[in-house]
Ligand code: DX5
Ligand code: ZN
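Residue numbers (this note's numbering): 83 to 297.
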């Protein structure tokens with residue numbers, strides 16, 4: 083089955099944001115919005131004004147990826163700002179992950195748990211039945227434009243095997259360094275949602291790049 087393509091707006095042209103929003107509306111499946119706080123990751127991105135501006139023109143669902151400490155504090159605001167999918171990092175919280183996932187689902191929003199490449203995928207397994215999706219980082223969270231980490235294929239396959247073994251419907255999202263070069267193999271390993279920032283927005287033909295990744 084073809085994967086959903088979620089362009090990461092971190093690589094969009096912020097001086098012409100509406101143009102890039104319309105491109106995603108026309109050719110992609112989801113808007114991937116990266117929220118960074120300079121604490122959980124060593125970088126800052128953007129916050130509510132940008133999320134709300136994108137939401138006001140978006141015809142595709144917003145997939146908000148929180149790379150922040152204490153994500154539970156902001157869940158309600160991101161849900162109200164228009165998130166349809168909302169993920170946070172397992173090691174960004176001190177609370178029980180199930181409780182935080184529950185907070186998201188109470189808003190009717192799909193809840194996802196994310197991990198960096200150095201965290202064993204098995205750490206997600208106790209929560210797979212609580213997650214609408216899991217986000218496997220294929221670079222270390224914090225910056226766009228990094229190189230894809232090859233071990234991701236094995237991590238996706240292992241996670242997919244566990245999901246299927248337990249008869250769950252949890253989707254797998256892969257984020258970081260995704261491009262037409264690795265998209266096919268990721269989907270063969272079991273990825274359902276592919277996030278791509280630079281590959282889409284730095285491409286001379288974003289529409290074609292998205293189509294290549296979907297095939
Ligand atoms: C990285 C972000 C990614 C990033 C992807 O911390 O979570 O979503 O924007 O960008 P590329 O596709 O350029 O690696
Ligand atoms: Zn992301």
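Ideal placement from N, C-alpha and C gives every residue a C-beta, glycine not left out.
Near ligand 2: residue 277 beta-carbon under 7 Å from a heavy atom: yes
Inter-residue Cα distance where the pair is residue 164 and residue 288: 25 Å
Closest residue to residue 181 among 205, 213 and 95 (Cα-Cα distance): 213
Beta-bridge pairing of residue 282 - partner residues as DSSP gives them: Bridge partners of residue 282: none, in fact.
Reduced DSSP category for residue 91 - H, G, I as helix; E, B as strand; rest coil: helix
Any 3 or more C-beta pairs closer than 8 Å across the segment 274-292 and the segment 89-102: yes
Segment limits, beta strand (DSSP E) that includes residue 192: 192-197
Buried or exposed (CB count within 10 angstroms, at least 16 for buried), residue 155: exposed
Residue nearest to residue 295 in terms of C-alpha spacing, selected from 266, 184 and 273: 266
Residue 189 beta carbon near ligand 1 (any heavy atom closer than 7 Å): no
Whole alpha helix (DSSP H) elements within the segment 162-188, 4-residue minimum: 179-187
Closest Cα partner of residue 220 within the set 275, 97 and 98: 275
Residue 115 burial status per 10 Å Cβ neighbour count (16 or more: buried): buried
Residue 154 beta carbon near ligand 1 (any heavy atom closer than 7 Å): no
Coil, strand or helix - residue 106 by DSSP: helix
C-beta contact flag for residue 169 and residue 143 at 8 Å: no
N-terminal and C-terminal residue of the beta strand (DSSP E) that residue 217 is part of: 215-219
Residue 301, buried or exposed, once every other Cβ within 10 Å from all chains shown has been counted against 16: For residue 301 there is no data in the structure shown, the boundaries of the chain being 83 and 297.
Reference residue 198, options 190, 177 and 225, closest by Cα: 225
Contacting residues, own chain, Cβ-Cβ under 7 Å from residue 111 (five flanking each side not counted): 86, 87, 88 and 142
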